[in-house]
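Q: Here you go, one structure.
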Amino acid sequence: GLCSYLLIGHYYEKESAQAACIKAFLTTRIGDCFMFVGMMIIFINSHTLLFSGPNEFQAMFAGWQEGVHGGGLWGLTTYAGPGSMFALMGAKAALVGGFALSIMGLLLFIGPVGKSAQFPLHVWLPDAMEGPTPVSAMIHAACMVSAGVYLTARLFPLFTPDALHVIAIVGGFTALFAGTIGLMQTDIKKVLAFSTISQLGYMFLGIGVGAWTPAVFHMITHAFFKALMFLGSGSVILGCSHEQEMTRMGGLWKKMPITAATFWIGNLAITGAPFFFSGFYSKEAVLTQAQLFGKGGEWWILWLPYIFGALGAGLTTFYMFRLVWMTFHGKPRDQWVYDHAKESPWNVVLPLIIIAGFATVVGWPLAAHTNMAENLGFTNVVEFGVLAWLTIVLG
Numbered sequence: 159g160l161c162s163y164l165l166i167g168h169y170y171e172k173e174s175a176q177a178a179c180i181k182a183f184l185t186t187r188i189g190d191c192f193m194f195v196g197m198m199i200i201f202i203n204s205h206t207l208l209f210s211g212p213n214e215f216q217a218m219f220a221g222w223q224e225g226v227h228g229g230g231l232w233g234l235t236t237y238a239g240p241g242s243m244f245a246l247m248g249a250k251a252a253l254v255g256g257f258a259l260s261i262m263g264l265l266l267f268i269g270p271v272g273k274s275a276q277f278p279l280h281v282w283l284p285d286a287m288e289g290p291t292p293v294s295a296m297i298h299a300a301c302m303v304s305a306g307v308y309l310t311a312r313l314f315p316l317f318t319p320d321a322l323h324v325i326a327i328v329g330g331f332t333a334l335f336a337g338t339i340g341l342m343q344t345d346i347k348k349v350l351a352f353s354t355i356s357q358l359g360y361m362f363l364g365i366g367v368g369a370w371t372p373a374v375f376h377m378i379t380h381a382f383f384k385a386l387m388f389l390g391s392g393s394v395i396l397g398c399s400h401e402q403e404m405t406r407m408g409g410l411w412k413k414m415p416i417t418a419a420t421f422w423i424g425n426l427a428i429t430g431a432p433f434f435f436s437g438f439y440s441k442e443a444v445l446t447q448a449q450l451f452g453k454g455g456e457w458w459i460l461w462l463p464y465i466f467g468a469l470g471a472g473l474t475t476f477y478m479f480r481l482v483w484m485t486f487h488g489k490p491r492d493q494w495v496y497d498h499a500k501e502s503p504w505n506v507v508l509p510l511i512i513i514a515g516f517a518t519v520v521g522w523p524l525a526a527h528t529n530m531a532e533n534l535g536f537t538n539v540v541e542f543g544v545l546a547w548l549t550i551v552l553g
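Everything in the sequence shown is counted per the working numbering, starting at 159 for the first residue and increasing by one.
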């Protein structure tokens with residue numbers, strides 16, 4: 159948090175940068191306070207905060223189980239996702255349920271909500287664009303916001319089904335909510351900022367429906383294509399004399415073909431273009447598991463994560479293609495910007511070429527390990543490949 163405060167406030171002479179870094183620091187601390195309360199509940203009841211795996215989690219809660227073996231806090235279901243999900247991670251089904259465990263899990267989850275800019279603590283991330291573009295790429299792709307996703311996945315055995323329901327719905331709603339805001343942005347970096355919030359929502363959706371391995375998989379693939387797109391936006395801004403408004407761009411592929419080509423690769427990866435791009439494999443795994451989650455009970459609310467995720471996938475396609483088209487295609491909307499635009503130097507475009515290669519292939523070797531539906535023997539699951547093509551076409 160302190161390091162991000164200093165990085166976002168790099169241009170400390172600007173009042174907007176000063177406000178942005180303070181906003182980021184205070185918002186993430188709100189989540190930390192709730193998470194600290196959750197940690198206190200654990201320590202008071204188990205007298206330890208140490209663990210190294212699911213077996214240690216079982217020992218941690220051996221003395222304070224409440225004997226609730228069905229229904230949980232709201233009585234929606236007796237398990238989270240597939241019935242054998244807890245067996246997969248080595249935790250006993252008897253550990254799920256219980257009011258105290260659910261509250262503890264939700265308190266712990268609020269920490270990652272702030273760190274990973276989930277609704278309603280998402281407000282700091284768009285303003286974090288005040289820092290230099292490489293800082294934005296690092297915060298949005300690899301470091302700060304990914305920490306909340308990793309922490310939630312790491313603590314997965316702690317969450318009861320009720321807590322996982324909340325995580326899935328918050329993540330799915332954030333994915334859809336941020337996508338609707340991204341539709342209306344005209345600043346190229348602001349569009350990418352809201353796309354980051356949306357993609358982080360996908361990751362939490364995956365964790366909530368039991369697809370914790372695919373969620374981390376999507377975190378890895380997202381790191382590559384989001385870094386590519388942020389550095390690509392920096393190349394555009396540099397080549398257009400520090401212009402960030404897409405309403406003043408257009409037709410730039412003729413002026414900066416390398417940047418445009420690599421940006422297209424990042425765009426296809428984040429939208430989940432089937433078969434050849436890394437984002438397809440991670441989104442497929444998350445949404446397939448969300449569909450199984452909806453089939454895991456009789457309550458309609460279990461389908462909300464899948465509905466949010468599917469709609470969010472379509473919105474992602476729409477606003478990302480809108481970004482690329484407004485920037486690189488069509489007629490120039492500001493002749494001065496177009497006439498003075500130029501390709502960035504090689505020390506800027508070479509990293510784009512390298513990351514574009516990873517954004518394409520990084521999902522291939524890991525995809526075979528995320529097909530949970532097939533591994534668990536589920537049938538009658540609609541393949542996400544059809545949904546991916548449909549959402550791309552509709553977008």
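Don't be surprised by glycine CBs; every beta carbon is placed ideally from N, CA and C.
(1) For residue 161, count the other beta carbons within 10 Å of its own beta carbon; 16 or more makes it buried, fewer makes it exposed. Which is it?
(2) Would you please state the rounded distance, in angstroms, between the beta carbons of residue 423 and residue 386? I believe it to be under 8 Å.
(3) At which residue ranges does the region 270-326 contain complete alpha helix (DSSP H) runs of 4 or more residues, listed in the order of the chain?
(4) Once you ignore the five residues that flank residue 397 on each side, which residues in its own chain have a CB closer than 8 Å to its CB?
(5) So, residue 294 versus residue 286, is the Cβ gap smaller than 8 Å?
(6) Identify, in the order they occur along the chain, each residue of the same chain with its Cβ nearer than 6 Å to the Cβ of residue 326, setting aside the five sequence neighbours on each side.
(7) Residues in the same chain with beta-carbon distance under 6 Å from residue 174, minus the five sequence neighbours each way, listed in chain order, please.
(8) Taking all protein chains shown into account, do 16 or more other C-beta atoms lie within 10 angstroms of the C-beta of residue 319, making it buried, or fewer, making it exposed?
(9) Tell me the DSSP secondary structure of residue 241 in three-state form.
(10) Hey, which unbroken runs of the alpha helix (DSSP H) at 4 residues or more fall wholly within the region 429-478?
(11) What does a CB cutoff of less than 8 Å around residue 390 pick up in its chain, not counting 5 residues either side in sequence?
(12) Would you give the residue range spanned by the alpha helix (DSSP H) that residue 176 belongs to?
(13) Excluding the 5 residues preceding and the 5 following residue 469 in the sequence, name in chain order all residues of the same chain whose CB lies nearer than 7 Å to its CB.
(14) List the residues that DSSP assigns as beta-bridge partners of residue 403.
(15) Indicate the three-state DSSP secondary structure (helix, strand or coil) for residue 340 in the structure shown.
(16) Hey, out of 373, 344, 322 and 356, whose CA is closest to residue 307's CA?
(17) Would residue 330 and residue 271 qualify as a contact pair, given that the criterion is a beta-carbon distance under 8 Å?
(18) Buried or exposed for residue 181, please, with buried defined as at least 16 other CB atoms from any protein chain shown within 10 angstroms of its CB.
(19) Just the Cα atoms here: how many angstroms apart are residue 275 and residue 371?
(20) Starting from the Cα of residue 360, find the closest Cα among 332, 345, 192 and 259 and give me that residue.
(21) Looking only at C-alpha atoms, which of 349, 345, 407 and 280 sits nearest to residue 494?
(22) Using C-beta distances below 6 Å, list every residue in its chain close to residue 186, excluding the 5 sequence neighbours before and after it, in chain order.
(23) Whose CA, out of 344, 338 and 345, lies closest to the CA of residue 356?
(24) Who are the near neighbours of residue 172 in its chain, counting only those whose CB is closer than 6 Å to its CB and skipping five residues on each side?
(25) Return the chain-ordered list of same chain residues with a C-beta closer than 6 Å to the C-beta of residue 401, the five sequence neighbours on each side being excluded.
A: To lay it out plainly:
(1) Answer is exposed; the Cβ neighbour count stays below 16.
(2) Indeed they touch by this definition, with Cβ atoms about 7 Å apart.
(3) For secondary structure counted as the alpha helix (DSSP H) over 4 or more consecutive residues, the region 270-326 holds these complete runs in sequence order: 282-285, 291-295 and 302-312.
(4) In its chain, beyond the 5 residues on either side, 410, 413, 414, 417, 499, 500, 501 and 502 have a beta carbon closer than 8 Å to the beta carbon of residue 397.
(5) Yes; because the gap between Cβ atoms is below 8 Å, this pair is in contact.
(6) Counting only Cβ-Cβ distances below 6 Å, and skipping sequence neighbours, we find 363, 366, 367 and 463.
(7) Same-chain partners within the cutoff: 288.
(8) With 16 or more Cβ atoms within 10 Å of its Cβ, residue 319 is classed as buried.
(9) Bear in mind that a pLDDT of 39 at residue 241, under 50, signals an unreliable position, so the number given afterwards is only what the model happens to contain. In the structure shown, residue 241 sits in coil (DSSP, three-state: anything other than H, G, I, E or B).
(10) Runs of the alpha helix (DSSP H) inside the region 429-478: 436-453.
(11) The answer, listed in chain order, is 417, 420, 421, 424 and 510.
(12) From DSSP, the alpha helix (DSSP H) with residue 176 extends over 173-204.
(13) If we look at residue 469 and ignore the five residues flanking it on each side, its Cβ neighbours are 334.
(14) Answer is 345, bridged to residue 403.
(15) Three-state result, residue 340: helix.
(16) Minimum Cα distance to residue 307 is reached at 373.
(17) No, they are not a contact pair.
(18) The residue is buried, with at least 16 neighbouring Cβ atoms inside 10 Å.
(19) Approximately 21 Å, taken between the alpha carbons.
(20) Just measuring C-alpha positions, the residue of 332, 345, 192 and 259 sitting nearest residue 360 is 332.
(21) Taking only the C-alpha atoms, the option nearest residue 494 is 407.
(22) 159, 272 and 273.
(23) Residue 338 holds the alpha-carbon nearest to the alpha-carbon of residue 356 among 344, 338 and 345.
(24) There are no such residues.
(25) Same-chain partners within the cutoff: 495.
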